[in-house]
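Some notes on the structure that comes next.
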Amino acid sequence: MTDDLCSCDATDLAARIRRRELSAREVVQAHLDRIAQVNPVINAIVTLDAEGALAAAAAADEHLARGGEPGPLHGLPIAFKDTHLTRGMRTTHGSPLHATDVPDRDELLVERIQAAGAIRIGKTNVPEFAAGSHTYNPVFGTTRNPYDPTRSAGGSSGGAAAALAAGLQALADGSDMGGSLRNPASFCNVVGLRPTPGRVPTETGGNLWDTLAVAGPMGRTVADTALLLSVMAGPDPRSPISLDEPGSAFRTVRERDLTGLRVAWAPDLGGRVPVDPEVLAVLEPQLAVFERLGCRIEEACPELDAAEDVFRTLRAHEFALGLGETLDASPGALKSSIVWNVEEGRRLTGPDVARATAAHSRLHLAAVDFFSRYDILLAPVSQVVPFDAELECPQIIAGQPQHTYLDWMRSAYFVSVLGAPALSVPAGFTPGGLPVGVQIVGAPRAERTVLEVGAAYEAATGHRRRRQPVLAAPPVG
Numbered sequence: 165m166t167d168d169l170c171s172c173d174a175t176d177l178a179a180r181i182r183r184r185e186l187s188a189r190e191v192v193q194a195h196l197d198r199i200a201q202v203n204p205v206i207n208a209i210v211t212l213d214a215e216g217a218l219a220a221a222a223a224a225d226e227h228l229a230r231g232g233e234p235g236p237l238h239g240l241p242i243a244f245k246d247t248h249l250t251r252g253m254r255t256t257h258g259s260p261l262h263a264t265d266v267p268d269r270d271e272l273l274v275e276r277i278q279a280a281g282a283i284r285i286g287k288t289n290v291p292e293f294a295a296g297s298h299t300y301n302p303v304f305g306t307t308r309n310p311y312d313p314t315r316s317a318g319g320s321s322g323g324a325a326a327a328l329a330a331g332l333q334a335l336a337d338g339s340d341m342g343g344s345l346r347n348p349a350s351f352c353n354v355v356g357l358r359p360t361p362g363r364v365p366t367e368t369g370g371n372l373w374d375t376l377a378v379a380g381p382m383g384r385t386v387a388d389t390a391l392l393l394s395v396m397a398g399p400d401p402r403s404p405i406s407l408d409e410p411g412s413a414f415r416t417v418r419e420r421d422l423t424g425l426r427v428a429w430a431p432d433l434g435g436r437v438p439v440d441p442e443v444l445a446v447l448e449p450q451l452a453v454f455e456r457l458g459c460r461i462e463e464a465c466p467e468l469d470a471a472e473d474v475f476r477t478l479r480a481h482e483f484a485l486g487l488g489e490t491l492d493a494s495p496g497a498l499k500s501s502i503v504w505n506v507e508e509g510r511r512l513t514g515p516d517v518a519r520a521t522a523a524h525s526r527l528h529l530a531a532v533d534f535f536s537r538y539d540i541l542l543a544p545v546s547q548v549v550p551f552d553a554e555l556e557c558p559q560i561i562a563g564q565p566q567h568t569y570l571d572w573m574r575s576a577y578f579v580s581v582l583g584a585p586a587l588s589v590p591a592g593f594t595p596g597g598l599p600v601g602v603q604i605v606g607a608p609r610a611e612r613t614v615l616e617v618g619a620a621y622e623a624a625t626g627h628r629r630r631r632q633p634v635l636a637a638p639p640v641g
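Residues 165 to 641 in our numbering are what the sequence shown lists, from first letter to last.
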């Protein structure tokens, strides 16, 4: 019963709870049992409130018994990313500086998800201050991949993706600057959507005008991911870039007829990034799936020549803004890669930032032009397969050295600067059983297109159904 409920699609689980075939208490208890069994191996959920979750589930059942209207996520268990503020539950950012912080409010996306009926069970692990795409920190240790616990689960939403893949929660929230929703989704065989900036409004952080960092949904299926997006999305006056379209527009997303769809395939983003041959060996055969679905495919890539400078400059600027004071106050308390990124930001001049901002605008306009000729772009999510969990990051890709903790994430962060929605969907496995995702990118604000294409591809392949029991692993640390 526990395994059945914990592997059930969130859309089906929510429907069964609404029909009162299942109680929220049964669903939450099943997930708590699964957490007790599996979480000691993968270390995905780092704060757990079983008592509070069961009390909230009982209240949800009583609400339904009294004839109350259930929200779209009624009774579904979720653990929030440990960078998102949760009232009465610690939010550590994976840093010893905040290890005991307990916010007195929920941030907007947490508020919306709980208002839709989801049951908060805890928090998911993150890298220190969400920096980097491998989830480890000095407070809670390393999150491990459910398909091979010696491997990384990705990051920075690595705890979220691993918890989804292992059946510890029904849905997951996350955030993405350089791939933090997409890389872990690819590594853990789940779905992650980086939305158009403003689609999911946020009201935290030092720069509310920032378009590099976005919040978004994760699920085990495209439909589950769309369901969570429908709750997270929608305008809010506290976000100056929020889009007006209501989130309910995404409540139901199904596969579409792909006949005649114009598809660009960019296996190495126009020769700009090295890609592990293991990744391409999984992805290249997937083109035949899109062809069978009626797509017209040609190799093409958007203009990305300035993407490296734009992303690195604007990211460093944001790090200096967001963590500069922390570095000054506690110079020995931050990992070296964060210190490097802050110092890079502090070396920037006004003209440096102005140049990057202007180039960012040109990249966006070039993307709009590109997507007037192609409906979607297909590309690798990650340039590598899940790597050794004891490493901070890959050192070499296809024979090319990677010099910083960011280098290996280019296939994701080059897309970030386009201002376009990007969906990571399970695309298959290496011979050794490691998951690989395909990145489906659409025109700015075209979330529905990428979700519908993703749903059609998902239905044609079934890669997401391959689940592997978590095996014994070395001690987490």
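All residues carry an ideal CB built from backbone N, CA and C; glycine is no exception. Quantities reported herein were computed from a predicted structural model and do not represent experimental measurements.
Who are the Cβ neighbours of residue i in its own chain at under 6 angstroms, not counting the five residues just before and after it?
| i | result |
| --- | --- |
| F534 | P466 |
| P558 | V548, F551, Q566 and W572 |
| G331 | C170, S171 and R198 |
| S394 | G411, S412, F414 and R415 |
| L407 | G362 and R363 |
| G618 | V386, L587, V589 and I604 |
| P613 | Looking at the sequence provided, one finds Thr at residue 613 rather than Pro. The answer, listed in chain order, is G606. |
What do you get for residue i, buried or exposed, if any count of 16 or more other CB atoms within 10 angstroms of its CB means buried?
| i | result |
| --- | --- |
| S350 | buried |
| E616 | buried |
| I560 | exposed |
| V266 | exposed |
| Q603 | buried |
| S536 | exposed |
| S259 | buried |
| L542 | buried |
| R418 | exposed |
| T521 | exposed |
| N353 | buried |
| N371 | exposed |
| S321 | buried |
| L468 | buried |
| S525 | exposed |
| G563 | exposed |
| D388 | buried |
| D268 | exposed |
| T513 | exposed |
| P515 | exposed |
| L196 | buried |
| R358 | buried |
| E226 | exposed |
| A445 | exposed |
| L177 | buried |
Residue i bridges to which residues according to DSSP?
| i | result |
| --- | --- |
| M253 | T250 |
| L240 | In DSSP, L240 forms no bridge with anything. |
| R426 | R460 |
| R358 | A586 |
| N382 | The question names Asn, yet the displayed sequence has Met at residue 382. Note: M382 sits in a beta bridge opposite A336 and G356. |
| G592 | V600 |
| V605 | L541 and A586 |
| D552 | R315 |
| L212 | G286 |
So residue i and residue j are in contact, right, with Cβ under 8 angstroms, and what is the actual spacing, rounded?
| i | j | result |
| --- | --- | --- |
| R184 | L228 | 7 angstroms |
| A243 | I209 | 5 angstroms |
| T256 | A294 | Not really, about 11 angstroms apart at Cβ, beyond 8 angstroms. |
| F578 | R479 | Actually they are not in contact, since the Cβ atoms of F578 and R479 sit about 13 angstroms apart, beyond 8 angstroms. |
| L527 | V453 | Not confirmed; about 30 angstroms, so no contact. |
| V545 | R346 | 5 angstroms |
Considering only residues of the same chain and omitting the five flanking positions on each side of residue i, which have a CB-CB separation below 8 angstroms?
| i | result |
| --- | --- |
| G369 | A377 and G486 |
| P638 | In this predicted model, P638 has a pLDDT of only 40, less than 50, meaning its place in the structure is not dependable; the value taken from the coordinates is given anyway. Excluding positions up to five away in sequence, the list reads P313 and T314. |
| E448 | P431 |
| S494 | L261 |
| A497 | S259, P260, L261 and T490 |
| R456 | A624 |
Got a sec? Which residues, its chain only, sit under 7 angstroms from residue i by beta carbon, not counting five neighbours each side?
| i | result |
| --- | --- |
| I405 | P361, G362, W373 and T375 |
| A327 | A208, I209, A243, T288, Q333 and A336 |
| A584 | T360, A531, V605, G606, A607 and P608 |
| G424 | G458 and R460 |
| R182 | P234 and H238 |
| A224 | A188, H238, G239, G281 and I283 |
| Y569 | G296, S501, E556 and C557 |
| G252 | V266 |
| L635 | Bear in mind that the predicted position of L635 carries a pLDDT of just 49, short of 50, making it too unreliable to give a figure here. |
| L582 | P466, L527, H528 and A531 |
For chain D, check one thing: does any of its Cβ atoms lie closer than 9 angstroms to the Cβ of residue i?
| i | result |
| --- | --- |
| S406 | Of the protein chains in this structure there is only one, and it is not chain D. |
Inside the region 555–582 only - alpha helix (DSSP H) runs reaching at least 4 residues:
574–580
Completely contained beta strand (DSSP E) runs for the region 271–330, where each covers 3 or more residues
283–288 and 312–316
What are the uninterrupted segments assigned as alpha helix (DSSP H) that are 4 or more residues long and contained completely in the region 479–546, given in chain order?
List check, alpha helix (DSSP H) in window: 500–510 and 514–537.
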